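Residue numbers (our numbering): 17 to 555. Glycine is no exception: its CB is placed at the ideal position from the N, C-alpha and C atoms. Everything numeric in this text was worked out from a predicted model, so none of it was measured. Below you'll find the structure, written out as structure tokens, and then a few comments.
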């Protein structure tokens with residue numbers, strides 16, 4: 017069989033050693049998944065029986081062993097043109113050597129044809145030295161980088177994928193580079209960091225290599241909008257600057273939720289450093305995710321509403337597809353009607369956004385709360401006027417720009433808002449936080465934001481009653497017991513505000529009155545307090 021290969025006994029020993037390091041058995045499920053094969057085929061591999069060439073290569077790549085060192089020499093034959101075309105993601109150039117580490121399987125991949133073509137053009141045709149793939153979590157950066165890397169593999173002599181999720185130290189990573197690329201035998205690398213980086217750069221100048229670094233945000237500080245590196249990880253910034261500023265024939269591609277500091281001066285449309293901000297899937301691509309989960313009932317309008325609600329985020333759509341199938345009889349209209357009853361967010365999506373939200377500065381968090389509570393797009397001037405603490409315009413603008421880079425807010429014309437799923441998460445987080453504050457009688461966030469905007473149109477005020485006041489009331493009743501007990505707690509908090517200054521009270525008096533009115537079922541009591549009202553001076 018011309019398109020088949022079998023292993024030599026010496027090659028099997030190499031593979032056996034590699035799989036033991038990973039603590040995999042000879043037919044491990046994870047091995048089957050990464051090589052897109054079956055246990056039966058792995059058994060044929062271990063028996064030195066012929067298997068398809070592309071499957072043989074995938075089995076070896078899954079444990080990071082050069083397939084040509086594993087194959088029986090008599091089994092290796094030149095590829096026909098047809099064979100080469102059929103293995104688009106597993107380039108088989110003579111001398112190629114690829115290490116994919118924990119890169120995801122890209123056998124099932126949705127859309128992104130335009131993005132793949134553009135990124136490939138940057139790297140292969142325009143010879144970009146450094147490319148950043150940026151956007152919020154779950155949007156598909158890792159999958160796209162893996163698909164792109166495998167697709168371009170034949171254009172590079174060496175390909176190396178490494179995840180930064182567990183924040184390896186740079187010294188460890190440089191040693192890994194040296195060992196894999198073959199220039200850093202034990203004892204050959206310089207002792208100082210600059211020398212090790214220069215040794216890597218020399219190799220990238222002499223050989224055409226592709227390095228993919230996934231999850232770069234893991235080595236960036238939390239709550240720092242400028243993308244500064246964590247203490248002890250500043251060397252990564254030095255490495256990326258060398259890659260950006262030094263002439264070489266290789267490429268470093270990295271994924272991150274945030275843009276690291278120090279690259280702006282090197283980046284440009286005609287420069288060898290580029291940043292690609294990845295957006296959500298198109299509607300047709302989003303539908304493909306649902307088709308892999310089953311058959312769904314929906315009108316075109318329902319499809320559009322659903323995919324737009326989750327911003328085309330592939331991870332969110334996968335979670336939603338399973339839920340609609342399992343709990344709503346695959347009826348998307350029923351699910352959308354359920355969402356109209358109030359803020360709701362799946363645990364997996366909440367965890368994804370929680371990690372992103374936790375990295376924000378206090379000011380960025382305050383802006384996120386304010387936009388979610390406002391419920392409609394607003395201008396910069398309106399936003400600045402309603403923040404709890406007056407801020408210089410430049411500082412507020414920098415925070416908005418940072419949130420935009422993280423894809424946590426959207427800008428249309430001169431107005432800012434949030435994607436529906438992000439808004440739902442922030443509302444849910446706000447309600448949980450405020451419930452805790454009222455339970456402990458320690459009002460902070462509750463003072464900084466209005467539950468109902470006094471000057472808003474009645475339609476918006478009604479939306480705020482349904483999506484903010486009522487859910488908060490339900491949470492408080494669950495925590496503090498019967499309505500009478502909750503009423504006494506709210507009245508006591510209102511009394512505590514007597515004698516305090518307007519900045520100390522903030523929105524607390526109005527918010528307490530709204531809750532008391534909702535508790536009594538009396539919409540007319542949603543009025544101004546006898547205390548100083550924060551909203552009376554708001555625009």
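Q: Consult DSSP for residue 100 and reduce its assignment to one of helix, strand or coil.
A: Only weak support is given to the placement of residue 100: the predicted model assigns it a pLDDT of 36, under 50, and the value that follows is read from those uncertain coordinates. Of the three classes helix, strand and coil, the one that applies to residue 100 here is helix, per DSSP.
Q. Just checking my contact of residue 232 with residue 276 at CB under 8 angstroms: how many whole Å lie between their CB atoms?
A. 6 angstroms
Q | Nearest candidate by alpha-carbon position, reference residue 513, set 148, 529, 498 | A | 529
(Q) To the nearest angstrom, how far is the alpha carbon of residue 182 from that of residue 169? (A) 25 angstroms
(Q) If contacts are defined as beta-carbon pairs under 8 angstroms, then residue 387 and residue 433 qualify, I think. What distance do you get, rounded to the angstrom? (A) 6 angstroms
Q. Are the beta-carbon atoms belonging to residue 371 and residue 260 less than 8 angstroms from one another?
A. no
Q) Taking the continuous beta strand (DSSP E) assigned at residue 163, which residues delimit it? A) That residue, residue 163, is in no beta strand (DSSP E); its alpha helix (DSSP H) goes 157-168.
(Q) Distance check for residue 493 and residue 392, CA to CA, integer angstroms please. (A) 28 angstroms
**Q.** Cβ neighbours of residue 53 in the same chain (closer than 6 angstroms, five flanking residues each side left out)
**A.** 71
(Q) I believe residue 161 touches residue 228 by the beta-carbon criterion, under 8 angstroms. Please report the beta-carbon distance rounded to the nearest angstrom. (A) 6 angstroms
Q) Looking only at C-alpha atoms, which of 481, 178, 378, 173 sits nearest to residue 82? A) 173
Q) Using the rule of at least 16 other Cβ atoms within 10 Å of the residue's Cβ for burial, across every protein chain shown, is residue 178 buried or exposed? A) buried
Q: Could you have a look at residue 386 and say whether DSSP puts it in helix, strand or coil?
A: helix
Q) How should residue 114 be labelled, buried or exposed, when 16 other C-beta atoms within 10 angstroms of its C-beta is the threshold for buried? A) buried
Q: Let me know if residue 124 comes out buried or exposed under the rule of 16 or more other beta-carbons within 10 Å of its beta-carbon.
A: exposed
Q.
Count Cβ pairs between the stretch 22-41 and the stretch 55-68 that sit closer than 8 angstroms; are there 3 or more?
A. yes
Q. What do you reckon, are the CB atoms on residue 306 and residue 337 nearer than 8 angstroms?
A. yes
Q. Enumerated in chain order, which unbroken segments of the alpha helix (DSSP H) with a length of 4 residues or greater are wholly contained in the stretch 164-228?
A. 186-197, 209-222
**Q.** Other residues of its chain near residue 103: CB distance less than 6 angstroms, five sequence neighbours each side excluded
**A.** Reliability of the predicted coordinates at residue 103 is poor, the pLDDT of 37 falling under 50, and no value is obtained from them.
Q) If you run the structure through DSSP and keep just helix, strand and coil, what is residue 114? A) strand
Q) Taking Cβ to Cβ, would you say residue 412 is nearer than 8 angstroms to residue 400? A) yes
Q) With a CB to CB cut of under 8 angstroms and the five nearest residues on each side skipped, what residues in its chain are close to residue 97? A) Because the pLDDT of residue 97 is 33, which lies under 50, any placement of that residue in the model is unreliable, and the number read from its coordinates should be weighed accordingly. Contacts found: none.
Q: Measure the alpha-carbon distance for residue 107 versus residue 322 and round it to whole angstroms.
A: Because residue 107 sits at a pLDDT of 40, beneath the cut-off of 50, its placement in the model cannot be relied upon, and the following sentence gives the value as read from the coordinates. Straight-line Cα distance between these residues: approximately 38 angstroms.
Q) Hey, residue 152 and residue 422 are a contact pair by Cβ (cut 8 angstroms); roughly how many whole angstroms apart? A) 6 angstroms
Q: Check whether the Cβ atoms of residue 534 and residue 486 lie closer than 8 angstroms to each other.
A: yes
Q: Measure the Cβ-Cβ separation of residue 122 and residue 159 and say whether it is below 8 angstroms.
A: yes
**Q.** Cβ-based neighbour list, residue 329, same chain, cut-off 6 angstroms, excluding 5 preceding and 5 following
**A.** 154, 155, 296
(Q) Using a 10 Å radius around the Cβ and a threshold of 16 neighbouring Cβ atoms, would you call residue 520 buried or exposed? (A) exposed
Q) Is DSSP giving residue 283 helix, strand or coil here? A) strand
Q. Cα separation between residue 109 and residue 346?
A. Residue placement at residue 109 is poorly supported in this model, since its pLDDT is 39, which falls under 50; the coordinates still yield a value, given next. One C-alpha to the other measures close to 46 angstroms.
Q: Have a look at 523, 441, 439, 265 and flag the residue whose alpha-carbon is nearest the alpha-carbon of residue 469.
A: 523
Q: Would you mind sorting residue 37 into buried or exposed? The rule is 16 or more other CB atoms within 10 Å of its CB.
A: exposed
Q.
Between which residues of its own chain and residue 180 is the CB-CB distance below 7 angstroms, once the five residues before and five after are set aside?
A. 229, 230, 231, 232, 234, 235
Q: Write down the C-beta distance between residue 442 and residue 384 rounded to the nearest angstrom, noting that I regard them as a contact closer than 8 angstroms.
A: 5 angstroms
Q: Report all residues from its chain with a CB closer than 7 angstroms to the CB of residue 352; omit the five preceding and five following residues, and keep chain order.
A: 318, 321, 322
**Q.** Classification of residue 526 by the beta-carbon crowding that lies within 10 angstroms, buried from 16 upward
**A.** buried
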